[in-house]
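One structure is given here, and the rest of the page talks about it.
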Amino acid sequence: MTDHLFNLHGDVLAAMRRGPKHFTKLAFVLTEADEPADTELSHFRDRIIAAGPGDELTALWHRTLTGWDLTEQADWSAAPPRTDERRADTYTRLGFGADLRKALDHAVPVFKEPGPTIISRTPTSWYSRDTAAARSFYWNSYEQLLRRKGWSDAAVSSLDEASHAVVERLADPTRAEAYGARGLVVGYVQSGKTANFTGVTAKAIDAGYRLVIVLGGTLNLLRGQTQRRLDMELIGQENILRGADPSDPDALIDIDYQDDEDWPAKFVSHGGRPSTRGAFDIERLTTRDDDYKSLATGIRALEFDKQVRTQPLHAPDNLHRAAARVMVVKKNKSVLAKLIKDLKKIGPLLSEIPALIIDDESDQASVNTTDPKKWEEGKVARTAINGQISQLLGLLPRAQYVGYTATPFANVFVDPGDGEDIFPRDFLISLPRPTGYMGVQDFHDLDRTDDSATGTGTAEESHIRGIYEDTGDRLQEALDAFLLTGALKLYRAANGVPDGPFRHHTMLVHESVRMAEHAALALRISSLWHEAAYTSQEGHDRLAALLASDFQRFADDGLPTPTSYEDLKQHVFRARQLINSGGTPVIVVNGDTERDYAQPDLDFDRTPNVWKILVGGTKLSRGFTVEGLTVTYYRRKTQQADTLMQMGRWFGFRPGYRDLVRLYIGREEPMGKSKTVDLYEAFEAICRDEETFRAQLTRYAALVDGKPQVTPAQIPPLVSQHLSWIKPSARNKMFNAELVEIRSPGEWVEPTAYPTDATDLRHNSEVWLPALEALNVDPTVFVTLSENDRGSYTRYPAKTAVLPHSQLLDIMSSLTWGRPDLFAPHLAYLKDPSDSGCATDDWVLVLPQTSGRTSVEARIGGSGPLTLVQRKRNARGVFNRISGMAHRQSAERIAGLHPLSEEDPFATQFHQQRRGVVLLYPVVDPELGAPADVVARGHIDPAKVVMAAAFIPAVSQTAKQIPFVRFRTIDSSRDGEAIVTTG
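Just so we're aligned: the sequence shown equals residues 505 to 1487 in my numbering.
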């Protein structure tokens, strides 16, 4: 039966390519005479209200409204994207009334998740939404495939937005002058970066890029996985078959995927050869099983037919009729050498080819890791892969390089001493944390301070199982958890939860870097498994106890979980069968050769169920996704940030079982003869750095007067200001941009790098002493209200004083800092009390008088009794957080960041224009002992206390937006460069 209403709305919305227009007027123009009733908006409203799941009309409007919600530059609305105001402007343009607006808002809520963060030079406006829509053959096919796979409209629109942001920052493929943009896209570990670069490839090919080279991992298995993904989701059946008859077995002999269980059903179809449907074909120069070889068809495979031979290939008349070439190439010296050799034979045509090089895991093998101190005078020595990438970029002057990484501090980004080749000089894009992604915040309570109460359901309590000296190794418990979580997945599948995500179920054990120890560990695990008595009452009792004490306690209320072990027992038997299939529950993966990854039981694409315990090391290569990972056992001792980050395989998407994920991790691992290392805290330090980095990028990404606050060349000194361990690579190099000032109106500033020397600590206590002596004797009680306005609240007492700005400035200027250069840009801001500076006349000093488990009172010098708190320095020697989150709310009211509340009367009393707040904490480092142990007769030695502060300046009253950062260029003649030589 024809859905006339759906067809009409499809035609009307198709005519709104540039943005919303008056719906009824346009509908009257487009409707057929015998269907006038379809233009009545009341019919539309009733359809939306009554629509059930899968209604095509609702889905159409979901796609359209979400797309308009996300549009960054909308000439039909001044409201920012992702806001109710933007949606209201959309409805006004459409001419929709209140009832229809209400129905649509219920069916299609405004998508308010954050978008990509973009740091770039001002892009040229060659790739508009109209341009993208006019040539979108491959993107449209990819988009439709994602929707068939179950992607939500919001997820597709978000991907569309992020991939569009990348392509619009590449050079116009038809421009006369050659230019090669360099960019970096930063995602999260195992968060779907491949989907983004597949979208970028689709849009770039549609726009005119005719040679795409994907550098896909260091192993053929990983390269093959990337090739398969692009073939399945972008290139499609017709381009793979290249005219071969799919019903003729003889014609399919040399065509791959004939043994693939997903062929052809799950491979995108274009409905015929694209070149016969008004588009162009894609020719593959590599296949699933074959990496790049010397071109089988000779150089002709890279020859492009020109319609107008007197014009270059990049001229529009030639470009948009030429077929595209795609290759997925391993980062291997010999493979890349063959490619470079072939390209050199082509000659002048190379300068005419708009090319795109996508470097997956761009911090792996691509970066030049040679020691700059060993370079010959004036000559850069390069590692093999880095040198070959540089050669590719040199041979292809129209090549755009886009690196993808999940490690924001990769050398390619923060160490641009060799800025000539792959440093992202043009743009850096940080992708948002995807909906449903299980990441840092799910494993670490980043906002918790040392004296915060530990509440049920915190990230650490829910998912982390620490291995301490007094707990034993907990390996048997981890194996029990692996079996139990497998049974819980089967139970959920039997009770209506979609079982697709439960196809694979894995445990990862990473205890040593030595390959020789992996076999012994695998044997030990196998012995523990077979001696675990899982079929006896003893084993069942142990599993029942673990279910009750752990998994029932932290179960997701929205998912089925058995109330008793008896309800789970039958699934325990089945889970054990699946894990034992093939004869052993354990697979060792510890090499860097193909055979280590070619084990049938490790093939997540072709094996129906991989239910195994994987024992390995760092060679469980990046890019190799461990599907179904639920239990991780990690005791590898390392202090290397990249090693820790890349072994964070427990991050990812865990639909239907995120509450079952457990990380068994060493908390007291021996390091040297007398020290121990807490691997969980070491990992958290890296995570905090990452979150700080992303937050800072977001803050500085906003344009001011249409111009970027920060360019890619200024990112390294900006990041090094927050992360003191980042420096240029060579002694004769320095960042060309010096960070002079960080402005923070209404923003918290919380220095964490404090000195450790007793003399410096004593000096700082003496600097603060006049302010401490000015504190009121009687405490003030502040009130922290619940964010969801449910009427709950907490109180905390604090001693307070009001300091003139000049006094606080004197204090801050006189303090000794662990890294004074890190605080200098903030101090520059404080020194300017004008409206364009910190705009603050005085400050309320607040010392919370906490009652945490480690809190104790003491006098510091001549001060009254003050509560000491305990904070621990992390693996990098700085504090994770100083201020308690519960203490910030009242301070933010005083500073004007939040509305005043009658329920927090003292904050209201303190509030006035141009007034800021300082939260001050006398901190005792646990390295010096517990607070109670360092207090003698009610006093503490000032040399044993860290006077740590967080402050929030008054919210600026000026309406004019000003940049948050100010830089000074060292060498103004080289303004766009990140690094300059100092001699």
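Backbone N, C-alpha and C define an ideal beta-carbon position, used for all residues, glycine too.
Short Cβ contact (8 Å threshold) for residue i with residue j
| i | j | result |
| --- | --- | --- |
| Asp-785 | Ala-827 | yes |
| His-967 | Asp-984 | no |
| Tyr-1137 | Val-1271 | no |
| Leu-545 | Phe-600 | yes |
| Tyr-972 | Glu-1172 | yes |
| Met-942 | Arg-1162 | yes |
| Leu-500 | Ile-862 | Given that the chain is displayed from residue 505 to residue 1487, the structure contains no residue 500 and the question cannot be resolved. |
| Pro-1324 | Ile-1246 | no |
| Ser-1269 | Pro-1446 | yes |
| His-615 | Asp-573 | The question names His, yet the displayed sequence has Phe at residue 615. Yes. Within cutoff. |
| Ile-739 | Ala-859 | no |
| Arg-625 | Ser-934 | no |
Straight-line gap, residue i to residue j (C-alpha atoms, nearest Å)
| i | j | result |
| --- | --- | --- |
| Ala-1278 | Gly-1368 | 10 Å |
| His-513 | Ala-669 | 29 Å |
| Val-1244 | Ala-910 | 29 Å |
| Gly-747 | Arg-777 | 8 Å |
| Glu-1361 | Thr-1371 | 4 Å |
| Tyr-692 | Thr-705 | 20 Å |
| Asp-710 | Ala-531 | 31 Å |
| Gly-1160 | Val-1350 | 45 Å |
| Leu-517 | Glu-1188 | 48 Å |
| Glu-1015 | Thr-1320 | 41 Å |
| His-774 | Ala-783 | 10 Å |
| Val-1427 | Ser-1359 | 10 Å |
| Ile-759 | Leu-719 | 23 Å |
| Thr-587 | Ala-1332 | 35 Å |
| His-1008 | Asp-763 | 21 Å |
| Asp-515 | Gln-731 | 37 Å |
| Leu-1307 | Gly-1365 | 19 Å |
| Asp-1182 | Gly-1170 | 6 Å |
| Pro-613 | His-566 | 9 Å |
| Ser-1085 | Met-1011 | 15 Å |
| Arg-937 | Ile-622 | 14 Å |
| His-508 | Phe-548 | 11 Å |
| Phe-1077 | Ala-1036 | 13 Å |
| Gly-802 | Asp-846 | For Gly-802, the predicted structure reports a pLDDT of 47, less than 50, and the residue's modelled location is therefore unreliable. A value from the coordinates is still provided. Their backbone Cα atoms lie some 9 Å apart in a straight line. |
| Leu-1273 | Glu-1396 | 25 Å |
Within-8 Å CB hit, residue i to chain B
| i | result |
| --- | --- |
| His-1309 | Considering every chain present, this structure includes no chain B. It has just one protein chain. |
Residue i - containing beta strand (DSSP E), residue span
| i | result |
| --- | --- |
| Gly-720 | 715-720 |
| Glu-1277 | Premise fails: Glu-1277 lies in the alpha helix (DSSP H), 1262-1277, not in any beta strand (DSSP E). |
| Ser-934 | 931-934 |
| Tyr-1138 | 1133-1138 |
| Val-832 | 828-833 |
| Trp-1347 | 1346-1352 |
| Lys-1179 | 1179-1181 |
| Trp-1115 | 1115-1120 |
| Ser-624 | 621-624 |
Range of the contiguous alpha helix (DSSP H) that encloses residue i
| i | result |
| --- | --- |
| Asp-863 | Segment 859-864 is the beta strand (DSSP E) holding Asp-863; no alpha helix (DSSP H) there. |
| Lys-848 | 837-850 |
| Glu-595 | Checking the sequence shown, residue 595 turns out to be Tyr, not Glu. Taken as a continuous stretch (DSSP letters only), the alpha helix (DSSP H) holding Tyr-595 covers 588-598. |
| His-818 | That residue, His-818, is in no alpha helix (DSSP H); it is neither H nor E in DSSP. |
Closest Cα partner of residue i within the set the options
| i | options | result |
| --- | --- | --- |
| Leu-569 | Pro-585, Gly-556, Ala-554 | Pro-585 |
| Ser-1068 | Glu-1021, Pro-820, Leu-1051, Ala-1205 | Leu-1051 |
| Ala-1305 | Pro-1283, Thr-1412, Ile-1315 | Pro-1283 |
| Ala-638 | Asp-593, Ala-607, Gly-712 | Gly-712 |
| Leu-853 | Asp-507, Thr-1111, Phe-808, Pro-1216 | Phe-808 |
| Gly-1062 | Thr-596, Asp-1314, Arg-996, Phe-701 | Arg-996 |
| Lys-1448 | His-1267, Lys-1073, Ala-1024 | His-1267 |
| Phe-641 | Gly-703, Val-660, Tyr-1204, Thr-628 | Gly-703 |
| Tyr-1168 | Pro-1174, Ser-1178, Val-1135 | Val-1135 |
| Gly-1420 | Asp-1339, Ser-1340, Gly-1250 | Gly-1250 |
Inset, instruction - Pick out the complete alpha helix (DSSP H) segments inside the segment 1059-1085, 4 residues or longer, and give them in chain order. - result: DSSP runs (the alpha helix (DSSP H)) wholly in the segment 1059-1085: 1073-1084.
Inset, instruction - Give, in chain order, every unbroken run of the alpha helix (DSSP H) that is at least 4 residues long and sits entirely within the segment 1291-1334. - result: Here the runs fully enclosed are 1309-1318, 1324-1334.
Inset, instruction - Pick out the complete beta strand (DSSP E) segments inside the segment 1380-1458, 3 residues or longer, and give them in chain order. - result: If we require 3 residues or more, the beta strand (DSSP E) runs fully inside the segment 1380-1458 come out as 1419-1428, 1450-1456.
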